Each structure stands twice: as structure tokens, then as C-alpha cells.
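There are 2 protein chains.
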Amino acid sequence: MTVEPINSRREELLRIAAGLFAQKGFKNTTVRDIADASGILSGSLYHHFDSKESMVDEILKTFQEELFGQYDEILAAADLDPLAKLERAVLVSFEAIDKHRDEVAIFQNEAAYLLTFDRFAYLAERNRQSREVWLTLLQNGIDAGVLRDDLDLELTYRFIRDTVWVAVSWYRPGGRRTHTEIAKQYLSILLEGIHHA
Amino acid sequence: MTVEPINSRREELLRIAAGLFAQKGFKNTTVRDIADASGILSGSLYHHFDSKESMVDEILKTFQEELFGQYDEILAAADLDPLAKLERAVLVSFEAIDKHRDEVAIFQNEAAYLLTFDRFAYLAERNRQSREVWLTLLQNGIDAGVLRDDLDLELTYRFIRDTVWVAVSWYRPGGRRTHTEIAKQYLSILLEGIHHA
DNA sequence: GTCTATACCTAGATAGAC
DNA sequence: GTCTATCTAGGTATAGAC
Numbered sequence: 000m001t002v003e004p005i006n007s008r009r010e011e012l013l014r015i016a017a018g019l020f021a022q023k024g025f026k027n028t029t030v031r032d033i034a035d036a037s038g039i040l041s042g043s044l045y046h047h048f049d050s051k052e053s054m055v056d057e058i059l060k061t062f063q064e065e066l067f068g069q070y071d072e073i074l075a076a077a078d079l080d081p082l083a084k085l086e087r088a089v090l091v092s093f094e095a096i097d098k099h100r101d102e103v104a105i106f107q108n109e110a111a112y113l114l115t116f117d118r119f120a121y122l123a124e125r126n127r128q129s130r131e132v133w134l135t136l137l138q139n140g141i142d143a144g145v146l147r148d149d150l151d152l153e154l155t156y157r158f159i160r161d162t163v164w165v166a167v168s169w170y171r172p173g174g175r176r177t178h179t180e181i182a183k184q185y186l187s188i189l190l191e192g193i194h195h196a
Numbered sequence: 000m001t002v003e004p005i006n007s008r009r010e011e012l013l014r015i016a017a018g019l020f021a022q023k024g025f026k027n028t029t030v031r032d033i034a035d036a037s038g039i040l041s042g043s044l045y046h047h048f049d050s051k052e053s054m055v056d057e058i059l060k061t062f063q064e065e066l067f068g069q070y071d072e073i074l075a076a077a078d079l080d081p082l083a084k085l086e087r088a089v090l091v092s093f094e095a096i097d098k099h100r101d102e103v104a105i106f107q108n109e110a111a112y113l114l115t116f117d118r119f120a121y122l123a124e125r126n127r128q129s130r131e132v133w134l135t136l137l138q139n140g141i142d143a144g145v146l147r148d149d150l151d152l153e154l155t156y157r158f159i160r161d162t163v164w165v166a167v168s169w170y171r172p173g174g175r176r177t178h179t180e181i182a183k184q185y186l187s188i189l190l191e192g193i194h195h196a
């Protein structure tokens, strides 16, 4: 006996829209595309949503609340040392790429464009927050003496951020390697380098 | 005394278009945007170019010929050992980000979309070629014993490719660090890792 | 080489019937 | 909750005057 959530149709439509936004881009996905993929006509979409913008807004907000909640937990975890926290943050990010591929791709590819609209100003705040998280993790590692202190912190942060999220452009679930395996190889390169010891 | 090339107006228009394509995306840049930025009306653009597609086509082709020419030189260089070749390829790539920021950004952000048109099929060929270059450089390093042999080659290739090119999203000439400084820090992380020795 | 004027199409969105 | 029908804006591209 399944309890049918009151908004299941709405969520289904958002799931379909997210797939298209991720694949073709927000601007390049028409409301007719979304309607076609959903088996209805474009006009009918407006019974569920105000606009195309509202759809992508809801998709991103829901996803980001979950992700940043996880980062907060890691930062607050009393039982993890700085290195373990950094590793955990990378693992959690790859988990997000696995579980919420469309949402990550939309945020990666469309944020710059969406930021030109007032209603998406909160995306800039999320970017700041993300920077805070990684910089804190790195600085704690340096202070504890486990991370190199001769590197430019800002560059290192960008290096990590970019390598993690850009993986969404090629990662596919069910591929040769699980997201955990990929995360571990990434961490190995990031921490130890590819130079032979 | 300057020799005015016969096509300078055409190149000027392409330069302006490239800036807009890089900043706003190909689809999201209208021919009216390009005309406005050039101080002419949209209809006048068609005196110089067949279509918007032709413009981006010419921008990408010109850039890629130069870049892949440089990679070929590195691969063929008899006086460089495997590690030096890898370093040189990274440096050349960051140089491209500095000198041809718009073109790199367009290739990074728009290739997936453009590939849906037949006329841009050559972009897939360039991707294959790029993969060949990095895989060869890495394999040569492993064979020579200077690079770790316990990593997934394909993942390592993607790691390098992504970290290098994604820098175009934040690098700005005249910033705190030159492209050469950035390339060297990147190489330091890539080769030695961020873990304290 | 650029402008004027415009054809033609596709986009997001709305109103009211069912 | 979906369909029919349609409005309006804005997009690419063209033709011919200047």
C-alpha cells in the first residue's frame, strides 16, 4: 500500500524538466520540450507552475538545502580530524553528483546565466557559502600541519572545487567505476600527486 | 605605418561576437546583440557572415588550429623528457586561456550544444585528439617511471583536462597571479599533492 | 558596408472549454 | 488536470535602397 504524496505529479514534472535543463541547458529547453517529455501540452504546465523560471528555481533550492546541510554537518562533526573532514566533503560531493546529477549539472552550467535575474541572487550566496566551507577545511588542515602551507589557498580551493564538480560533465551511474571509487582516486591525486614517490 | 589587413573589419566583428558568446553563451547571444556591440544593425552583419553559426564556427576553427599545432610540437620535441612535456602541455594550455579566453570559454561551454549540428562534428574529433595527447603524455611518464602507475589512466586524464580548462571560468588577465604562476601552482598540486610531505 | 523594412518562425504565457 | 486556441515578444534571416 503506497501513500501517494499530494505533490507527486508536480515532482514528476520537475524531475523531467531537470533532466532536460541538465542535458540541453535552461535557455535551450522550451516549455514545449518539457510538456512533450511529460506527455501533455505546453499550456497544461502552467496549471502546475508559474513559469519556466519557477521550475528551475524549485529544482535548485531543494537540492542546495540538502547539500549544504551535509557540509554543515561535516564542519560541526567533533569526531573527525581536519584531513578526515576534507575527505568526507569530497566524498559527499561525489555522492551528490551520483544522486543528483541533473541538479548539479544545472547549477554548474546555468548559475552564471540565472544570476542575471534578481530572483536567483541567492545562488551567489550559495557560492560564497561553498567557498567558506572549502577554505575552512583547507585552513584547518594547514593549521594542524597535515596540509602543505606553501600553496596559494585561493588557488587550491578553486582547484578542488573545480575538479570535484566538473566530474558531473562525464560521470554516469553504472559506469566502469562507482562514484566512491572516483572520489577516492581524486583524493589520492589531490593529496599525494601523480608524481612517482 | 600600419598595413591594414583586407579582412580587419571581419576579424573585428568576430572578436566582438566571441566576447559575447563567451560571456552569455551562443544561444543566448542574439545577432542584434552582436550588431549593437559593433555599432551597426543586425541586417548588416549578414553582409559579412552567412549566419550566427558561421561566426562561431570560424572562431573555433581558427583557435583550435593554433592550439593543436602547439600540442603536436610538444609531442614531437626530441629535447624534452616525458615530465617536461607534460609540464609544457599544461603551460601552453594556460597560455591559451590567457591569450584566447573567449575561444576557450566558447569551446568549453558550447561544444556539447554545437555538437548537435552536423557542421560542428569536427569538435568531437578535436576532443578525441585532445584525449590522445594527454593519454600519450601520461603513458610516456609512467613508462619512464616518473609518474605513478597505480592510478586509473582515464580518470587521471580527465582530472588534468578538467582542472586546466575549467580555470577559464574564473581566470582574468591582470589579476593577482599571472597565467604562468597559476600553471605552476596547478602543476605543483598535480604532481606533488597538497598533503604535507 | 550599412540601413530600412519586413518575412517568417518559435518562444513563453494566458483564457476558457472540457 | 489537460486541451484548444491564441496573443505577443523577440529571434534569424532576407531584399533592395542608399
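In order, the protein sequences belong to chains R and L. Quick note on numbering that gives the first Met the number 0: the first sequence kicks off at 0 and runs consecutively. Quick note on numbering that gives the first Met the number 0: the second sequence kicks off at 0 and runs consecutively. Just so it is clear, CB atoms sit at the ideal spot from N, CA and C, and this is done for glycine as well. Computed from a predicted model, the values in this text were never measured in an experiment.
Can you find a CB in chain R that lies within less than 8 Å of the CB of residue i?
| i | result |
| --- | --- |
| I157/L | It should be noted that the sequence gives Arg, not Ile, for residue 157/L. Taking Cβ atoms only, chain R reaches closer than 8 Å to R157/L, which makes this a yes. |
| L59/L | no |
| D32/L | no |
| N27/L | yes |
| D151/L | yes |
| Q184/L | yes |
| W133/L | no |
| I96/L | no |
| L19/L | no |
| E52/L | no |
| L190/L | yes |
| T162/L | yes |
| V167/L | no |
| R147/L | yes |
| L114/L | no |
| L154/L | yes |
| G68/L | no |
| G38/L | no |
| G144/L | yes |
Could one say the Cβ of residue i lies closer than 8 Å to chain L's Cβ atoms, at least one of them?
| i | result |
| --- | --- |
| S187/R | yes |
| I181/R | yes |
| I193/R | yes |
| G24/R | yes |
| G173/R | no |
| L79/R | no |
Rounding to the nearest angstrom, what Cα-Cα distance links residue i and residue j in this structure?
| i | j | result |
| --- | --- | --- |
| K26/R | A110/R | 12 Å |
| D101/R | E11/R | 14 Å |
| Q69/R | I141/R | 23 Å |
| E180/R | T61/L | 39 Å |
| L59/R | D78/L | 51 Å |
| Y121/R | E64/R | 12 Å |
| R171/R | F20/R | 17 Å |
Per DSSP, residue i is paired with what?
| i | result |
| --- | --- |
| L122/L | In the DSSP output, where bridge partners are listed per residue, L122/L has none listed. |
| H194/L | L146/R |
Using 7 Å as the cut-off, classify the Cβ of residue i as near or not near the heavy atoms of the ligand SAH, replying yes or no.
| i | result |
| --- | --- |
| H47/L | Absence of the ligand SAH from the depicted structure is noted, as is the absence of any ligand whatsoever, leaving it without description. |
State the CB to CB distance for the pair residue i and residue j, rounded to an integer number of angstroms; the pair is presumed to be in contact (CB under 8 Å).
| i | j | result |
| --- | --- | --- |
| L137/L | L152/L | 6 Å |
| R193/R | R147/L | Looking at the sequence provided, one finds Ile at residue 193/R rather than Arg. Right, their Cβ atoms sit about 5 Å apart. |
| E94/R | H178/R | 6 Å |
| F158/R | Y185/L | 7 Å |
| A182/R | V89/R | 6 Å |
Counting Cβ pairs closer than 8 Å, one from the region 125-133 of chain R and one from the region 67-85 of chain R, do we hit at least three?
yes
For the structure I just gave you, are there three or more beta carbon pairs, one from the region 161-171 of chain L and one from the region 161-170 of chain R, closer than 8 Å?
yes
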